[in-house]
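Read the structure below first, then the notes.
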Ligand code: MN
């Protein structure tokens, strides 16, 4: 298990919650993403991207942007284990994040910054605060960006749609 999962484990009592304690190998040879609808004390959506064997995670109060020009606040949260991508259920009362979790969308993604003039790995993109990905999900299918707008102790990101080739053809 990766050290980056320390915060995840510290927040949870695995004798009580049904959330997974660890990772899980995946069937796909492409990295995966998942969006979980989480009806906790405040309803939000958790957006998670597989990077180097863990799920990088953001809490998105208003959910994914559903049209070009919309920017959705995305607050980074602790890395989650790969096994979390399949998690659905009710986190018990008194536990961190108590409430119902449902998978809203899932699929694979491509790192669009790998194909540019100066290719960046996902880790570099995260460090730079500029992630550009093509989501291949059941609901979301197209190019998206996550842009860091504030750093320090309270980093904030924005999640937005990028123009696709189809959009370029229309305009
Ligand atoms: Mn959550």
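Residue numbers (my numbering): 153 to 323. Note that the Cβ used here is the ideal one computed from N, Cα and C, for glycine as well.
Whole-angstrom distance between residue 281 and residue 292, CA atom to CA atom:
22 Å
Mind checking which residues open and close the beta strand (DSSP E) that includes residue 160?
Run containing residue 160: none in the beta strand (DSSP E); it sits in the alpha helix (DSSP H), 158-162.
Taking one C-beta from the region 238-258 and one from the region 189-198 each time, how about it: are there three or more such pairs within less than 8 Å?
yes
State buried or exposed for residue 208, treating a residue as buried only when at least 16 other CB atoms are found within 10 Å of its CB.
buried
With DSSP run on the structure shown, which of helix, strand or coil describes residue 246?
coil
Closer than 8 Å by C-beta to residue 165: which residues in its own chain qualify, once you throw out the five before and the five after it? Chain order, please.
247
Residue 153 burial status per 10 Å Cβ neighbour count (16 or more: buried):
Low confidence applies here, because residue 153 scores a pLDDT of 46, under 50, leaving its location unreliable and the question unanswered by this model.
Per DSSP, what kind of secondary structure is residue 167 in: helix, strand or coil?
coil
Simplified DSSP state of residue 294, which is helix, strand or coil:
strand
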